[in-house]
Structure formats: C-alpha cells, structure tokens
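Worksheet for the structure shown next.
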Amino acid sequence: MTFILEYYNYWIVVFLMMAGFYIVISANNLVKKIVGLNIFQTSVFMLYISMGKVGGGTAPIVVEGATQYSNPLPHVLILTAIVVGVATTAVGLSLIVRIKRAYGTVEENEFKNEDDAI
Amino acid sequence: MAEFIDLVLLAMLALTALRVIFLKDLFAVVMLFGIYSFLSALIFVSLDAVDVAFTEASVGAGISTVLMLGTLALTGRTEKENKRSSVLPLLVVCVTGAALIYGTLDMPPFGHPDNPVHEHVAPRYIEESPKEVGLPNMVTSVLASYRGFDTLGETVVVFSAAIGVLALLGVRRREDKNTPESGLKAHLVLRSVAKSVIPLVILFALYVQFHGDFGPGGGFQAGVIAAAAFILYALVFGLPMAFKVIKPKFLQMMAAAGVLLYASVGLFSMAKGGLFLDYNQLADDPIAGQHYGIIIIELGVGITVFAVMLSIFYAFGSQAERVNKP
C-alpha cells in the first residue's frame, strides 16, 4: 500500500500526459488539439511540483515554527511556465483563427484534402 | 488526511481528462478544461505550491478559458465525426505510457526529504534567501533575485507572444454606425454586479502585486488578475467602451514599457558598478537594494503581463466583431 501511495502521483501524471498526448495525435479538430496540448502541459507541471514536495513540509514562505519547507525552485520554474504557456496558447489559437479564415474549416483532414487538391 | 485529499483530487483530474477525449461538443470541452485547471490548482495547494496554484487558477481557469471560448466563437462549437481509426494512436499512447510508468519505478519515493532534487541548490535558497534577500517568500526571492535572468527572458517571451498574436489577428475596429452593440449592456443585474466587482478585482490585483514579497503572489499573478477585471468590463459593456478606457495602442506601449523597466534595472545596476541585475548596488544597504530591485522588476513583470493578456483579448474580441457583423 505504501508503495502505491509513494508512486500514485507519478502514475496519475503519466496517465494525464498520455490522455493529452492521445488527444493531440488523434483529434481532428485543431481547438481540441490545443486543449490536449494544455492537458499535457499541466501534467508536466504537476510532475515537477510533485517532485518538489517534501513530506511534512510547508509552503516555502518563512513562518515561525516551520521546520521543513518544500523545494521553492520547481515552483518558480512552473509559475513562469504557466504564464508563458498561456501566451503561446494564444499564438496557437490565433493561428487557428487564421486557418479558419483561409480554409473555412478547422478540421485537419478537410484542409489537408484542400491542400492536396492544389 | 492530506494523502486522501490528494488521492481524490488526482482521480477527479484523471476522470476530467478522460471525459475531454470523448466529448464532441467543444464548448463542453473548454468548460471541462476550466474545471481541470481549477482541480490542478487545488492539487498545487495540497503540494505546498501556493504561488503556482494562484497562477494556475487565474491563468488556466480564467484567461485560457476566455481565449478558447473566443476561438470557438470564430470557428464553430462542434467537432465533426472523425472517420480515422484510433487504433494506432491508442497503441502509441499505451506503449509510451507503459515505458513512462516503468521509468517512474526508478524515481525516488514521493515526498521524501532526502530525494536528490532537494539536495542541490534548494537548501541554499531555503536557508540563505531570507537573510540575503530579506523576503519571507522564497519563491519571490528565487524568481526575482537569484533567477532574475530567467524571469527577464520569460517576460520577453510573453511580450513576443503578444507581437505574434497582434501580427496574426490585429486589433483594428471598423468604425461605422451599423456595427451592432457588443457587450451585455441590456442585462441590469450583470451590469450592476460587474460595476461593483471590477474595482474590488483591481484592488486585489494591486494587493497581490505589492504583497507578493511577503505572501503568495507577485507580478505574474497580479497582471493576469488586473487583465481579468478589464476583460469582464469589455464583456459586459462592449469592446468600444473598453477601447475608450484603455486604447489598444496604449496597451502595446505598456507591454514594451514593462520589459524596458525590468531591463533598465539591470542596466542601472551595471552603471552603478555591479553586474547586470545585481540589486545590491541599488542602495547602500544590500538588503534595501534587493527590496528596491524586486519591487521594480515585479512591477515591470506585472505591467507587461497585464498589457499582453488584455491585448490578446482585444485581438480575439475585435476579430469576432469583424467576422460576426450582420
């Protein structure tokens, strides 16, 4: 049982990664692909934060009586990564809007057929 | 008890992700993604990452959801039936997943204080940063002082993303009298609730901005929260009104000004005889110098993130107005 508890976080993270990965490679709709990519991204964040956790520790803000703090370094990296992630997601979404304007569709197979016809 | 909460939240997260795979209604997919973000913010809290949770709740559940809904307004809300077989993707995913699970068995057990990740620089940050930088929040110390270079780079990335979105979509508006009224001005309840909530949200953003050194928060979160207040304003009172409050041109200048403010702190410390972003040079007392440096660069980050998030929203909003004209 302790073995499962020790690795449960990592396994769920792997499951989430694979769910996101599956959406990215199998979805036909580009907006759904972006959602899948975001699920993948969040699961990577969770992997890093899980690794930074110290059992019995507290959030890395100095308080009296705290003996152990969780590792602040992953928190810093992931915090900025989230904001950068939404900025790049916005670029992806605006590319989708332009694809819709150019081809009239955001379904991958449909505009691929149109490209092949040319 | 904490483990139990963790177990339940992670299971809910997995179920949400699973549901996203099968849904064809993209509106529901985007809403589920908002729930997914909130759930992961809760998990971040239970893993002691309060600053990250704060960011995920405001960015993932707030801004990303709004942007995705904006895209759906332009591209349609249902996914068409997919005729391709899903056997090959499923196979690839299962094989990769099995390999990764096999890999996790070699990882150190979750939460153990002797894990290699806690041995290298973390003890130094935890023990020295309250003395060297003088801030109780170690995340802010590391973000703004020890790793100021990284953060400068990330702010520049956010700024360039805004340039990318504006290049692709643009914020021009058609100024003719026939454009329909945008916004939800007819709804009295929404209007009065928005009017009373927006000042509080902006006040909260300022609190998060300037209290980030002592508690959870900082420039990134404050920028997103302030942008959310203006997005609410634009949704309720319409884009033309929002454009009158903050002009798109002004926002673009603000985005650049934030990055400049950040970089100029670095140049100023060089002019004082130190290295780039060496805050100890900013005042006679190193701790006071660190404080000044961190407050100013966090302000730069906040300004850039606010301006970028709002410009991106403006770009999507004005695009929707142009496409959906009668």
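Order-wise, the sequence lines are chains A and B. Numbers 935 to 1052, taken from my numbering, label the letters of the first sequence in order. Numbers 3 to 328, taken from my numbering, label the letters of the second sequence in order. No residue lacks a Cβ here, since even glycine has one placed at the ideal position from N, Cα and C. Predicted model only: the values in this text are computed from it and were never measured.
query	result
Endpoints, alpha helix (DSSP H) assigned at A265 (chain B)	250 to 273
Straight-line gap, A188 (chain B) to F206 (chain B) (C-alpha atoms, nearest Å)	28 Å
Chain-order list of residues whose beta-carbon lies under 7 Å from that of E1041 (chain A) (same chain, five-residue window excluded)	N962, N963
Close-in-space but distant-in-sequence residues of the same chain around M14 (chain B) (CB under 7 Å, 5 per side omitted)	L41
C-beta neighbour in chain A for T153 (chain B), strict 8 Å	yes
Test: E81 (chain B) CB closer than 8 Å to a CB of chain A	yes
C-alpha distance - E129 (chain B) paired with V135 (chain B), whole-angstrom precision	11 Å
Cross-chain neighbours of K967 (chain A) in chain B, by beta carbon under 8 Å	Ordered by position in chain B, no residue passes the 8 Å Cβ test against K967 (chain A), which lies about 10 Å from the chain.
Contact with chain A by D27 (chain B), beta-carbon distance below 8 Å	no
Contact under 8 Å by Cβ, I946 (chain A) with T57 (chain B)	no
Same chain only: Cβ atoms within 8 Å of N1043 (chain A), ignoring 5 sequence neighbours per side	N962
Whole-angstrom distance between A290 (chain B) and I296 (chain B), CA atom to CA atom	10 Å
Limits of the alpha helix (DSSP H) - the one that R193 (chain B) falls within	190 to 213
Chain-order list of residues whose beta-carbon lies under 7 Å from that of G991 (chain A) (same chain, five-residue window excluded)	Q1002, Y1003, S1004
Beta-carbon proximity of N1047 (chain A) to F35 (chain B), cut-off 8 Å	no
Proximal residues, the stretch 285 to 314 of chain B versus chain A, C-beta separation under 7 Å	V307, V310, I314
Contact with chain B by Y941 (chain A), beta-carbon distance below 8 Å	yes
Under 9 Å by beta carbon: chain A residues contacting V94 (chain B)	F955, Y956, I959
Per DSSP, cross-strand counterpart(s) of D116 (chain B)	Looking at the DSSP assignment, D116 (chain B) forms no beta bridge with any residue, so it has no partner.
Cα-Cα separation between I1054 (chain A) and V119 (chain B), rounded to whole angstroms	The first residue shown for chain A is 935 and the last is 1052, placing residue 1054 (chain A) beyond what the model contains.
Proximity below 8 Å, CB of Y956 (chain A) to CB of T106 (chain B)	no
CB contact check: E1041 (chain A) to chain B, cutoff 8 Å	yes
Collapsed DSSP secondary structure at N963 (chain A) in the structure displayed	strand
Beta-carbon proximity of I995 (chain A) to M311 (chain B), cut-off 8 Å	no
Simplified DSSP state of I995 (chain A), which is helix, strand or coil	strand
Complete alpha helix (DSSP H) runs within the stretch 987 to 1048 of chain A (minimum length 4 residues, chain order)	1006 to 1037
4 or more residues per run - each alpha helix (DSSP H) lying fully within the stretch 79 to 110 of chain B	89 to 106
Residue range of the unbroken alpha helix (DSSP H) whose run includes F53 (chain B)	Checking the displayed sequence, the identity of residue 53 (chain B) turns out to be Asp instead of Phe. That run of the alpha helix (DSSP H) goes 52 to 58.
Residues bridged to N139 (chain B) (per DSSP)	A:I995
Coarse secondary structure for D1050 (chain A), derived from DSSP in three states	helix
Inter-residue CB distance, L28 (chain B) and K966 (chain A) (contact presumed, cutoff 8 Å)	6 Å
Rounded separation between A19 (chain B) and F979 (chain A) - CA only	15 Å
Beta-carbon separation (whole angstroms), G225 (chain B) vs V303 (chain B), contact threshold 8 Å	7 Å
Sequence-distant residues of its chain with Cβ nearer than 7 Å to S266 (chain B) (five each side left out)	none
Chain-order list of residues whose beta-carbon lies under 6 Å from that of R149 (chain B) (same chain, five-residue window excluded)	none
Beta-carbon proximity of A2 (chain B) to Y235 (chain B), cut-off 8 Å	In the structure displayed, chain B extends from 3 to 328; residue 2 (chain B) sits before or after that span and is not available.
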